[in-house]
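Student:
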DNA sequence: CTTGCAAAACTAATATCATTAGTTTATATT
DNA sequence: AATATAAACTAATGATATTAGTTTTGCAAG
């Protein structure tokens, strides 16, 4: 029984590969153990069961997502930053559909690592959005809007929800353009129901 | 062994209740059988296993969603219709989070019932969006955009992804207003990257 | 009213999971 | 070199879905 030399991070990386290649439903401890050449119970030396693994994957996914979008927006601001961030975000969800899915896990009460990873992304989006000159509350609403757009687009794209034969990149670019134009045109009376 | 008198629709309804009350991960054949007072294998007389049940739930969910949004938009058009549809859509996801989740299942090749149910919703949204005077392709992109917004918002709302203490209904109204304003302001040059 | 049949329920069995308990052994530390 | 810690293991349990085969119900045809 030669030691396999596993550690937590190795497990998370291997699980992320499984998730991206075969989908999250294929991420079982049995499959992960097989991939790593050990027996399932051995994994418990490094992770807190399947639930713990999923949380670690979520944190890892958020960190990776942050890396990608922060690098993409470096040195940019305004519209260019929003577009760059959006492209990077969707690029990530395309490259890592399984890992991205884990990041949507609702954080348990007091899960500081997960909250921190999510918070960094939130701060970055706020910073990008704040270039449009809304008030503080307006910024927060606009950030929620952008996140909704990006998450919604990626989900529908990934599960083939867009049946129509129409270029998806064009849809994304138009969607972001439209949203930015809306922010610009509405100014501060965004609440009014017309 | 008195006959329970089950049928497919009863199973789907009961499964939807489980999904909405306890989440989709709680929808197991074991739990469903217990709720209905039979043994798990008995369910196979009415459904094609768990996978078949999920497909039926997806179709049922899409039909319910269509009912809700088509009723909400009846007699309305333009902005009012978009807002009414959005409110109805989000109202449905709030009232039936579990059932809504099943509707996101990627349709298998040749799953005509699921495709039909999705198609009706798509047609309705296209009809509402077409009031804004875009060309045919523009309409389709705009529909994708609205669906992204609504799905993204509902997902993030449901799993608590909006950490900030800010009224969610305000966010939704502003988001829709912003999107509509964007469509109005951009007109047909939505593709341009600046 | 009886007979028979199809369908709906059942029991029993299998395979796959996750998880826990307890054991062995490799590696690092003293 | 001795020991302790931790990483791997085996064995066992309980939940799940699913299949095969059996019983029985309820209806329908004679």
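Chains as they are written, first to last, in full-length UniProt numbering: chain A, 1 to 194; chain B, 1 to 194.
No residue lacks a Cβ here, since even glycine has one placed at the ideal position from N, Cα and C.
From a predicted model like this one, the values you see are computed outputs, not experimental measurements.
(1) Nearest by alpha-carbon distance to residue 117/A: which of 61/A, 45/A and 185/A is it?
(2) Below 8 Å, how does it come out for the region 18-34 of chain B and the region 73-81 of chain B: are there three or more Cβ pairs, yes or no?
(3) I want to verify the contact list: residues of chain A whose CB lies under 8 Å from the CB of residue 141/B, in sequence order.
(4) Determine the DSSP secondary structure at residue 10/A, reduced to helix, strand or coil.
(5) Pull up the CB-CB distance for residue 147/A and residue 152/B, whole angstroms please, since I reckon it's below 8 Å.
(6) Between the region 50-67 of chain A and the region 106-125 of chain A, are three or more C-beta pairs nearer than 8 Å?
(7) Taking the alpha helix (DSSP H) that residue 184/B belongs to, which residues open and close that run?
(8) Taking 7 Å as the CB-CB cut-off, is residue 159/B touching chain A?
(9) Residue 102/B lies in the alpha helix (DSSP H); which residues open and close that run?
(10) Please report the Cβ distance between residue 145/A and residue 178/B, rounded to the nearest whole angstrom; I am assuming they are in contact, meaning their Cβ atoms lie under 8 Å.
(11) Along the region 125-138 of chain B, where does the CB come closer than 9 Å to a CB of chain A? Name the residues.
(12) From which residue to which residue does the alpha helix (DSSP H) around residue 69/A run?
(13) I'd like the ranges of any alpha helix (DSSP H) spanning at least 4 consecutive residues and lying wholly in the region 130-172 of chain A.
(14) Whole-angstrom Cβ separation of residue 35/B and residue 14/B, contact assumed at under 8 Å?
(15) Any idea if residue 97/B is buried or exposed, counting beta-carbon neighbours within 10 angstroms, 16 or more meaning buried?
(16) Give the interface partners of residue 24/B over in chain A, defined as CB-CB distance under 9 Å, in chain order.
(17) Closest to residue 77/A by C-alpha separation, out of 130/A, 102/A, 95/A and 103/A, would be which residue?
(18) Need the endpoints of the alpha helix (DSSP H) that residue 32/A sits in, please.
(19) Name the residue from 30/B, 127/B, 53/B and 31/B whose alpha carbon lies nearest to the alpha carbon of residue 7/B.
(20) Three-state secondary structure (DSSP) at residue 194/A?
(21) Residue 183/A touches chain B at which residues, Cβ-Cβ below 9 Å?
(22) Can you grab the Cα-Cα spacing for the pair residue 181/A / residue 156/B, in whole Å?
(23) Please decide whether residue 106/B counts as near chain A, where near means a Cβ-Cβ distance under 7 Å.
(24) By Cβ distance below 8 Å, which residues in the same chain neighbour residue 89/B in space, the five residues on each side in sequence not counted?
(25) Can you tell me which of the three DSSP states residue 20/A falls into?
(26) Enumerate in chain order the residues of its own chain whose CB-to-CB distance from residue 186/A is below 7 Å, with the five nearest sequence positions on each side excluded.
(27) Does DSSP classify residue 106/B as helix, strand or coil?
(28) Where does residue 114/A sit, in a helix, a strand or coil, going by DSSP?
(29) When the cut-off is 7 Å and only beta carbons count, does residue 19/A lie next to chain B?
(30) At a Cβ threshold of 7 Å, is residue 156/A touching chain B?
(31) Please compile the residues from chain B whose C-beta is within a distance smaller than 7 Å of the C-beta of residue 148/A.
(32) When you check each C-beta in the region 66-91 of chain A against every C-beta of chain B, which residues fall closer than 9 Å?
(33) I need the straight-line Cα distance from residue 176/A to residue 170/A, nearest angstrom please.
(34) Mind checking if residue 98/B is an interface residue toward chain A, Cβ cutoff 7 Å exclusive?
(35) In its own chain, which residues sit with a C-beta less than 6 Å from the C-beta of residue 141/B, not counting the 5 before and 5 after it?
Tutor: Walking through what the data contain:
(1) Within the first chain, the letter at position 117 stands for residue 117/A. Ranking 61/A, 45/A and 185/A by Cα distance to residue 117/A puts 61/A first.
(2) Output reads no: the region 73-81 of chain B does not touch the region 18-34 of chain B.
(3) Numbered from 1 along the second chain, position 141 holds the residue referred to as residue 141/B. Going along chain A in sequence order, the residues near residue 141/B (Cβ under 8 Å) are 166, 170, 171, 174 and 175.
(4) Counting from 1 along the first chain, the entry for residue 10/A is found at position 10. In the three-state reduction of the DSSP assignment, residue 10/A falls in the helix class.
(5) Taking the first residue of the first chain as 1, we reach residue 147/A at position 147. Taking the first residue of the second chain as 1, we reach residue 152/B at position 152. Contact check for residue 147/A and residue 152/B: beta-carbon distance about 7 Å, within the 8 Å limit, so the pair qualifies.
(6) Short answer: they touch.
(7) Residue numbering aside, residue 184/B sits at position 184 when the second chain is read from its first letter. For residue 184/B, the enclosing alpha helix (DSSP H) stretches over residues 168-186.
(8) Counting from 1 along the second chain, the entry for residue 159/B is found at position 159. For residue 159/B, the answer is yes, since a Cβ of chain A falls inside 7 Å of its Cβ.
(9) Residue 102/B sits at position 102 when you count from the first residue of the second chain. Residue 102/B -> alpha helix (DSSP H) spans 97-102.
(10) On the first chain, residue 145/A is found 145 positions in, with the first residue counted as 1. On the second chain, residue 178/B is found 178 positions in, with the first residue counted as 1. Yes, residue 145/A and residue 178/B are in contact; Cβ-Cβ is about 6 Å, under 8 Å.
(11) So the list reads 137 and 138, given in the order they occur along the chain.
(12) Numbered from 1 along the first chain, position 69 holds the residue referred to as residue 69/A. Unbroken alpha helix (DSSP H) run through residue 69/A: 49-73.
(13) Correct list: 136-158.
(14) Your numbering for residue 35/B matches position 35 in the second chain. Your numbering for residue 14/B matches position 14 in the second chain. So it is a contact: roughly 5 Å between Cβ atoms.
(15) Here residue 97/B is taken as the residue at index 97 of the second chain, counted from 1. So residue 97/B ends up on the buried side.
(16) The residue labelled residue 24/B in the question sits at position 24 within the second chain. Within 9 Å of the CB of residue 24/B, no CB atom of chain A is found; the nearest one sits about 12 Å away.
(17) Locating residue 77/A in the first chain gives position 77, where the first residue counts as 1. Out of 130/A, 102/A, 95/A and 103/A, 130/A has the C-alpha closest to the C-alpha of residue 77/A.
(18) As a working note, residue 32/A is residue 32 in the first chain. For residue 32/A, the enclosing alpha helix (DSSP H) starts and ends at 29-36.
(19) One-based indexing of the second chain puts residue 7/B at position 7. The shortest C-alpha separation from residue 7/B is found at 53/B.
(20) Along the first chain, one-based indexing puts residue 194/A at 194. Confidence is the limiting factor: at residue 194/A the pLDDT is only 45, short of 50, which leaves the residue's position unreliable, though a coordinate-based value still follows. In this structure, residue 194/A counts as coil in the three-state DSSP scheme.
(21) Along the first chain, one-based indexing puts residue 183/A at 183. Chain B residues near residue 183/A: 178, 181 and 182.
(22) Sequence index remark: in the first chain, residue 181/A carries index 181 (1-based). Sequence index remark: in the second chain, residue 156/B carries index 156 (1-based). Straight-line Cα distance between these residues: approximately 23 Å.
(23) Counting from one through the second chain, the residue named residue 106/B turns up at place 106. Chain A, which has a Cβ nearer than 7 Å to the Cβ of residue 106/B, makes this yes.
(24) Mapped onto the second chain, residue 89/B falls at position 89. Contacts found: 65, 68, 69, 150 and 154.
(25) In the first chain, counting from the first residue as 1, residue 20/A sits at position 20. The three-state secondary structure of residue 20/A, taken from DSSP, is helix.
(26) Numbered from its first residue, the first chain carries residue 186/A at position 186. Contacts found: none.
(27) What you label residue 106/B is simply residue 106 of the second chain in a count that begins at 1. Per DSSP, reduced to three states, the secondary structure at residue 106/B is coil, with no helix or strand assignment.
(28) Start at 1 with the first residue of the first chain, and residue 114/A comes out as number 114. In the three-state scheme derived from DSSP, where H, G and I count as helix and E and B as strand, residue 114/A is classed as helix.
(29) Working through the first chain from its first residue, we reach residue 19/A at position 19. At a cut-off of 7 Å between beta-carbon atoms, residue 19/A makes no contact with chain B.
(30) To locate residue 156/A, count along the first chain from 1; it is residue 156. At a cut-off of 7 Å between beta-carbon atoms, residue 156/A makes contact with chain B.
(31) For the purposes of this step, residue 148/A is taken as the residue at position 148 of the first chain. Listed by position along chain B, the residues whose Cβ is nearer than 7 Å to that of residue 148/A are 149, 152, 153, 156 and 175.
(32) If the cut-off is 9 Å between Cβ atoms, the region 66-91 of chain A has 79, 80 and 83 near chain B.
(33) Translated into positions along the first chain, residue 176/A becomes position 176. Translated into positions along the first chain, residue 170/A becomes position 170. Rounded to the nearest angstrom, the gap between the Cα atoms of residue 176/A and residue 170/A is 10 Å.
(34) Mapped onto the second chain, residue 98/B falls at position 98. No - not a single Cβ of chain A is within 7 Å of the one on residue 98/B.
(35) Sequence index remark: in the second chain, residue 141/B carries index 141 (1-based). When the five nearest sequence neighbours on each side are left out, no beta carbon in the same chain lies closer than 6 Å to the beta carbon of residue 141/B.
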